[in-house]
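There are 4 protein chains.
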Amino acid sequence: MVAVLKPGATQQQIDNLVAWLKSRGLDVHISVGRYRTILGLIGDTSQIDIDLLLGLDIIESVKRISEPFKSASRTFHPDDTVIDVAGRKIGGGHFQIIAGPCSVESEEQILNVAESVKEAGAGLLRGGAFKPRTSPYDFQGLRAEGIELLLEAKKRTGMPIVTEIMDASHLPLFEEVDVIQVGARNMQNFELLKELGKIRKPILLKRGLANTIKELLMSAEYIMAGGNPNVILCERGIRTFETYTRNTLDLSAVPLLHELTHLPVIVDPSHATGQARLVRPMALAAAAAGADGLMIEVHNNPLCALCDGPQSLTPEQFADVARRVWKIREAVTE
Amino acid sequence: MVAVLKPGATQQQIDNLVAWLKSRGLDVHISVGRYRTILGLIGDTSQIDIDLLLGLDIIESVKRISEPFKSASRTFHPDDTVIDVAGRKIGGGHFQIIAGPCSVESEEQILNVAESVKEAGAGLLRGGAFKPRTSPYDFQGLRAEGIELLLEAKKRTGMPIVTEIMDASHLPLFEEVDVIQVGARNMQNFELLKELGKIRKPILLKRGLANTIKELLMSAEYIMAGGNPNVILCERGIRTFETYTRNTLDLSAVPLLHELTHLPVIVDPSHATGQARLVRPMALAAAAAGADGLMIEVHNNPLCALCDGPQSLTPEQFADVARRVWKIREAVTE
Amino acid sequence: MVAVLKPGATQQQIDNLVAWLKSRGLDVHISVGRYRTILGLIGDTSQIDIDLLLGLDIIESVKRISEPFKSASRTFHPDDTVIDVAGRKIGGGHFQIIAGPCSVESEEQILNVAESVKEAGAGLLRGGAFKPRTSPYDFQGLRAEGIELLLEAKKRTGMPIVTEIMDASHLPLFEEVDVIQVGARNMQNFELLKELGKIRKPILLKRGLANTIKELLMSAEYIMAGGNPNVILCERGIRTFETYTRNTLDLSAVPLLHELTHLPVIVDPSHATGQARLVRPMALAAAAAGADGLMIEVHNNPLCALCDGPQSLTPEQFADVARRVWKIREAVTE
Amino acid sequence: MVAVLKPGATQQQIDNLVAWLKSRGLDVHISVGRYRTILGLIGDTSQIDIDLLLGLDIIESVKRISEPFKSASRTFHPDDTVIDVAGRKIGGGHFQIIAGPCSVESEEQILNVAESVKEAGAGLLRGGAFKPRTSPYDFQGLRAEGIELLLEAKKRTGMPIVTEIMDASHLPLFEEVDVIQVGARNMQNFELLKELGKIRKPILLKRGLANTIKELLMSAEYIMAGGNPNVILCERGIRTFETYTRNTLDLSAVPLLHELTHLPVIVDPSHATGQARLVRPMALAAAAAGADGLMIEVHNNPLCALCDGPQSLTPEQFADVARRVWKIREAVTE
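Chains as they are written, first to last, in my numbering: chain A, 19 to 352; chain B, 19 to 352; chain C, 19 to 352; chain D, 19 to 352.
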């Protein structure tokens, strides 16, 4: 950690600060420049609250050299984490496609979609039971009943299931769920993350709409610090000034996260773009960028086109995407 | 609501759509342009899920004309809402300063700060007991004990207290709290908002770092739809590309919110800027922009300057800000 | 074009407005809703200044239905534009890689790089002669001399050259240049765009750091409205809150632009990410997203590693990227 | 300047780098931490191109300690710069309101507006002759004729005039103009900035829509490095995800710029918000934040309300704003 002092810092102030830092077990190297004095803090700085330092009158800026995340950091865990979900492996060269409808609507719907995405090569089934909606007047999901229907689809198809949790008090309903998803809006719901750290089920953690890559890793750290090492990261688009797409899919996050962490990284092109016709190119691009998996919305309801989400593919479109994704994987990894 | 159809829409598709819309009780006006056909939907469109419409193959874009919020909308409630917190009124011309430390640390600290901000003109006391922190290794607040200390300060000074909730399961601890704060990171924690709609205590709802003004109002709508009309909105800075400040305080949100809603709007210049020396100019600017109140961090610990938050004022600085704020209010409202 | 009127608009005001719109040759359809009245303007609305309408007291919002760009729009020109640069075609299924150093530094450097990127499959040579730099104290490029060196490399290798213009007064120096690049910071230098509309050379127009896709197309329209139809669009990253990468590469812009316009769309992964190790994954991702070409920085100076830009590939790295890009193209287009 | 080395850097690489840095006249302090080695570079680092350093394989990150701007920096020029425009002083406690129409449209219009804003207390007259417009089909201003009309208004009212330049080749037309404005879209038109560095007229430099405070100062540095010390900075809103306002006015830039630079800082609330009804609260807020002046659009054309810009005040509204602004100034500066 490097602390830059303000020009007017007195020797007495500097001595006090150095003494305090040493009392915390750190070594301090002092560099006196023409305009500024710089302190190099050496040792375990992960316990130093950067905001406390910044609060001091004599501090101009502070820069962490080692990242504030430990369990998620590749520095301390160089090998890729491989997460095994009922035999489906994600990470470390293993690639999975997670597919299914935005919302679980009925037994017929979820079973139909499950069968068709399984046939097209999806490894896991997704479906929303608890739905975070911007408006209190929009459909909030089938909730407990939706999870029942997902479990029925799991029984029939053998596919492990992924579904979103919105509050820690619902955890008992998720006992048979294979992967618990934390949605973008809950990425910094720290009380929820702490609860998910107490279990051992894989957690699919989505990046928040306005969260940095570092904050995503810090949220993973919350889960891992609690004892649960099974975290899958998911890029799903960030909020920018561009309005043609719902969000801007940040694919450079994929190789960056692979540098910074050993955790698997998947991409959700459906929510990022919000438009079905952009899902195919963005799914292929995500595979080309080196993602460890994809999460794609698929809907199967030719009788009721009105209920189709604007971002869902038909099973036929999904099968075409899946086929091309595997070809791309070859070009990338050969 | 206006729906623009894609150029290739067939008459059959249009007829089907119009029939479906009429079955929902809406009137449909059709305008045929040279390149596009436009449908004007008239009636109660608040129940139409805009995403469902967008999902149709023949729809190019959809635009709401009336806002999707009802209870929060000034259209349906032209008069300012005035919220009365133990005699301190906020909104409708009433202005309050809420002040106190970022975190409650000890009885001595909270009592000292409470006494000094009361003397300088603060109407309510704030203090963090449950602290949302980006890192699991940072101080998480005194939690239940912090609330006890706040209640002690309330008893001694008579000031109503404001403190943040992080999970609905903690609600029993907040029974004696006067105003419950929902932090920026929980602005779209919809399960929490629903629980807060079931009580009648005033809720101070902070705008999320990447949330639009419309989303802020939709989150207020969650609370109000549950039956709790006592919502205070708070602008506290949004996330932009600028890195000199922690966030960018969006003061134009204040007059905009006053147009769109009858709810009171306050500003938190401390969290927005993250730097104590910017709090004074931004507090004055917020008052000049017409805010109904301010929320300001004040710290009182000369013996331990090291613990000062970088964004906290001393009681003396706070007293100077408060004095100038009242002068500004005169220039604005005369 | 759809104009939504404010609730309080009087019949007299509406009549005046309608009369004025009709005097401009437009048909006006009026829809009276419960809360709002909506005007549908039919005819050639491209000459209506949307800001003028918004300035009226009775107007709440205005929405264009047909896009404000005409020459660049796919609606009026459904077939892909193919740009032929001395036999190298871009667009309409033709893919080109443009490669070369960030700055032209010496004859030896530019010749070496040109030879090696040609061998690896690059179709065009790029190199900066005029360099836009944030700081007046940074290297500003070899300017006229740099163009001379590029022309020498063109003569020796037969590769057409691409280089950036910073001011219309430099145009005479660009007579032998094959493609003139407009940098991100000049995307809305309208006086420059107008001058480039007067010539017939292909213009490579980069998207500005904070410009929307629509604004990019409007800037293309400036060039095309002047009579120059040869515009190549280039996505090179936008500015967001994320700080790990220099910019956020917006790859969804590629399929979106392909929908909206017939112009070719290429991607510059080097400037977008600012880091050489992210260039490969982002180049592959761009090809997978359907780009018509890539623009990649390559440096060739083993004796002076200190001068390597942080975003440049070595010729060996470039050759590996180029080889994989062609494989990806197969998976996408088969 | 602080350079952080990557974990794997060899002693040989470090020695080479240190030798090279010393050959540039810098002192190098080395701090060896547990995980990283840090180099502190001491001396005149303003000539070190940070991108060159970042390009080295062994460098993880580089952080400037002293700012890269010199002439604009308050460190080297502690006293406020006061700019005198024909007797109207701006900066160092002097406050000016610049007012006038968005576009100069006719002699009658500009004279009427000039008279009324003068009477209401404006010190300088603004008016657009060259208009940067997103669309080539929108009104581009009266250009040379517009400047003639402004000069006529100057002669009649005695008010100095401010108008925008779009290309250095137009400079001869600006000989009698008092303050030359560089618009937001040209903030990084470096060739233009260099030309403006060769004259001595005050330059009003607007912050770009997506430019940081540091970049704004670097653009001022371009002008000042050329020899022209007369730069007035102008905050006019930045581009964010919020769509209710055209841009987000970043008022915290005002006190921040006052810390970093000695140059005067004014605010343009008209362009920032794009809505006349937000101009008043944002003008007052800007004054409260400590701005050295305001730039406000005023229109005076009761016969042709249709031509009113959506962001322009009437002369009566302007007079009310001006009166309140002076009251706010008292509360701030007393």
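Glycine residues also receive a C-beta, built at the ideal position from the N, C-alpha and C atoms.
Roughly how many angstroms separate the alpha carbons of E315 (chain B) and L189 (chain B), rounded to a whole number? Your numbering for residue 315 (chain B) matches position 297 in the second sequence. Your numbering for residue 189 (chain B) matches position 171 in the second sequence. Looking at the two C-alpha atoms, the distance is approximately 24 Å.
Determine the extent of the beta strand (DSSP E) in which T279 (chain A) is found, giving its start and end residues. Residue mapping note: residue 279 (chain A) aligns to position 261 of the first sequence, counting from 1. Run containing T279 (chain A): none; DSSP gives neither H nor E here.
Evaluate the contact criterion for the region 270 to 288 of chain A versus the region 108 to 127 of chain A: three or more CB pairs, one atom per stretch, below 8 Å. yes
Consider the Cβ of H188 (chain D): report whether some Cβ of chain A lies at a distance smaller than 8 Å. Here residue 188 (chain D) refers to the residue found at position 170 when the fourth sequence is read from its first residue. It does not; no Cβ of chain A falls within 8 Å.
Residue range of the unbroken alpha helix (DSSP H) whose run includes S288 (chain A): Stepping through the first sequence from its first residue, residue 288 (chain A) is reached at position 270. Taken as a continuous stretch (DSSP letters only), the alpha helix (DSSP H) holding S288 (chain A) covers 287 to 291.
From A:T332, A:S187, A:V180, A:N207, pick the residue whose C-alpha is nearest to that of D196 (chain A); which is it? As a first step, residue 196 (chain A) is located in the first sequence; it is residue number 178 there, counting from the start. It is A:V180 whose Cα lies nearest to the Cα of D196 (chain A).
Do the region 209 to 216 of chain C and the region 244 to 252 of chain C make contact, defined as three or more Cβ pairs closer than 8 Å? yes
Since R264 (chain C) contacts F259 (chain B) with CB under 8 Å, what's their CB separation in whole angstroms? Sequence index remark: in the third sequence, residue 264 (chain C) carries index 246 (1-based). Sequence index remark: in the second sequence, residue 259 (chain B) carries index 241 (1-based). That pair is no contact at about 11 Å.
Pick helix, strand or coil for N248 (chain A), following the three-state DSSP scheme. The sequence position of residue 248 (chain A) within the first sequence is 230, counting from 1. DSSP places N248 (chain A) in coil when its eight states are reduced to three.
Could you have a look at D45 (chain A) and say whether DSSP puts it in helix, strand or coil? Translated into the one-based positions of the first sequence, residue 45 (chain A) becomes position 27. Three-state DSSP puts D45 (chain A) in a strand.
Measuring CB to CB, does V135 (chain B) end up less than 8 Å from L129 (chain B)? The count along the second sequence starts at 1 and reaches residue 135 (chain B) at position 117. The count along the second sequence starts at 1 and reaches residue 129 (chain B) at position 111. No.
Run the CB neighbour count on R341 (chain C), radius 10 Å, all protein chains shown included, and call it buried at 16 or more, exposed below. Here the question's residue 341 (chain C) lines up with position 323 in the third sequence. By the 10 Å Cβ count, R341 (chain C) comes out exposed.
Less than 8 Å between CB atoms is the rule here; does V20 (chain D) satisfy it with respect to chain A? Position 2 of the fourth sequence holds residue 20 (chain D). At least one chain A Cβ lies under 8 Å of V20 (chain D).
Mind checking whether R203 (chain B) and G226 (chain B) have CB atoms under 8 Å apart? Numbered from its first residue, the second sequence carries residue 203 (chain B) at position 185. Numbered from its first residue, the second sequence carries residue 226 (chain B) at position 208. It is a contact, given that the beta carbons lie within the stated cut-off.
Let's test the definition: count the other Cβ atoms within 10 Å of the Cβ of R254 (chain D) and tell me whether it reaches 16, buried, or not, exposed. Along the fourth sequence, read from residue 1 onward, the residue named residue 254 (chain D) stands at position 236. Its Cβ being crowded by 16 or more others within 10 Å, R254 (chain D) is buried.
At least three beta-carbon pairs within less than 8 Å, the region 341 to 351 of chain A to the region 67 to 78 of chain B: no
Rounded to whole angstroms, what is the Cα-Cα separation between K149 (chain A) and K224 (chain B)? Residue mapping note: residue 149 (chain A) aligns to position 131 of the first sequence, counting from 1. Residue mapping note: residue 224 (chain B) aligns to position 206 of the second sequence, counting from 1. Going from the Cα of K149 (chain A) to the Cα of K224 (chain B) covers about 22 Å.
Which residues in chain A sit within 8 Å of S91 (chain B), going by Cβ to Cβ distance? In the second sequence, the residue the question calls residue 91 (chain B) occupies position 73. Per Cβ cutoff of 8 Å: no residues; S91 (chain B) is ~13 Å from chain A at best.
For T266 (chain B), name the three-state secondary structure that DSSP assigns. What you label residue 266 (chain B) is simply residue 248 of the second sequence in a count that begins at 1. Reduced to three states, the DSSP call for T266 (chain B) is strand.
Can you give me, in chain order, the residues of the region 263 to 296 of chain D that have a beta carbon less than 7 Å from any beta carbon in chain A? none
If we define contact as Cβ-Cβ less than 8 Å, is A340 (chain C) a contact residue for chain D? If you number the third sequence from 1, residue 340 (chain C) lands on position 322. A340 (chain C) does not count as touching chain D.
In angstroms, rounded to a whole number, what distance separates the CA positions of N229 (chain C) and K107 (chain D)? The count along the third sequence starts at 1 and reaches residue 229 (chain C) at position 211. The count along the fourth sequence starts at 1 and reaches residue 107 (chain D) at position 89. Cα to Cα, the separation comes out at about 36 Å.
Return the chain-ordered list of same chain residues with a C-beta closer than 6 Å to the C-beta of S49 (chain D), the five sequence neighbours on each side being excluded. Along the fourth sequence, one-based indexing puts residue 49 (chain D) at 31. Cβ neighbours of S49 (chain D) beyond the five flanking positions: I56.
Would K212 (chain B) count as contacting chain C if we go by Cβ distances under 8 Å? Looking up residue 212 (chain B) in the second sequence gives position 194. Not one chain C Cβ lies under 8 Å of K212 (chain B).
Chain-order list of residues whose beta-carbon lies under 7 Å from that of F336 (chain A) (same chain, five-residue window excluded): On the first sequence, residue 336 (chain A) is found 318 positions in, with the first residue counted as 1. Counting only Cβ-Cβ distances below 7 Å, and skipping sequence neighbours, we find A117, V135, A138, I314, V316.
I want to see whether chain C comes within less than 8 Å of K172 (chain B), judged by CB atoms only; does it? Against the second sequence, residue 172 (chain B) aligns to sequence position 154. So, not an interface residue.
When you compare the CB positions of L23 (chain A) and L44 (chain A), do they come within less than 8 Å of one another, or not? As a position in the first sequence, residue 23 (chain A) is number 5, starting the count at 1. As a position in the first sequence, residue 44 (chain A) is number 26, starting the count at 1. No, the Cβ-Cβ distance between L23 (chain A) and L44 (chain A) is not below 8 Å.
Considering only the beta carbon of each residue, do M236 (chain B) and S153 (chain A) sit closer than 8 Å? To locate residue 236 (chain B), count along the second sequence from 1; it is residue 218. To locate residue 153 (chain A), count along the first sequence from 1; it is residue 135. Yes. Within cutoff.
Name the chain D residues whose beta carbon is nearer than 8 Å to that of R257 (chain A)? As a working note, residue 257 (chain A) is residue 239 in the first sequence. Within chain D, the residues near R257 (chain A) are F259.
Classify D338 (chain C) as helix, strand or coil using the three-state DSSP reduction. By one-based count along the third sequence, residue 338 (chain C) stands at place 320. Of the three classes helix, strand and coil, the one that applies to D338 (chain C) here is helix, per DSSP.
Classify G105 (chain C): buried if its beta carbon has 16 or more other beta carbons within 10 angstroms, exposed otherwise. Walking along the third sequence from the start, residue 105 (chain C) turns up at place 87. Its Cβ having fewer than 16 others within 10 Å, G105 (chain C) is exposed.
Rounded separation between D97 (chain C) and L274 (chain C) - CA only: What you label residue 97 (chain C) is simply residue 79 of the third sequence in a count that begins at 1. What you label residue 274 (chain C) is simply residue 256 of the third sequence in a count that begins at 1. Rounded to whole angstroms, D97 (chain C) to L274 (chain C) spans 16 Å at the Cα level.
With 16 other Cβ atoms within 10 Å as the buried cut-off, status of T28 (chain C): Residue numbering aside, residue 28 (chain C) sits at position 10 when the third sequence is read from its first letter. With fewer than 16 other Cβ atoms within 10 Å, it is exposed.
Looking at the secondary structure, which residues open and close the alpha helix (DSSP H) in which L129 (chain B) lies? Residue numbering aside, residue 129 (chain B) sits at position 111 when the second sequence is read from its first letter. Taken as a continuous stretch (DSSP letters only), the alpha helix (DSSP H) holding L129 (chain B) covers 125 to 137.
Kindly say whether K81 (chain D), judged by its beta-carbon, lies nearer than 8 Å to any beta-carbon of chain B. Sequence index remark: in the fourth sequence, residue 81 (chain D) carries index 63 (1-based). Cβ-Cβ to chain B under 8 Å: no for K81 (chain D).
List the residues of chain D that I346 (chain B) touches, going by C-beta distances under 7 Å, in chain order. Locating residue 346 (chain B) in the second sequence gives position 328, where the first residue counts as 1. Within chain D, the residues near I346 (chain B) are A306, I346, A349.
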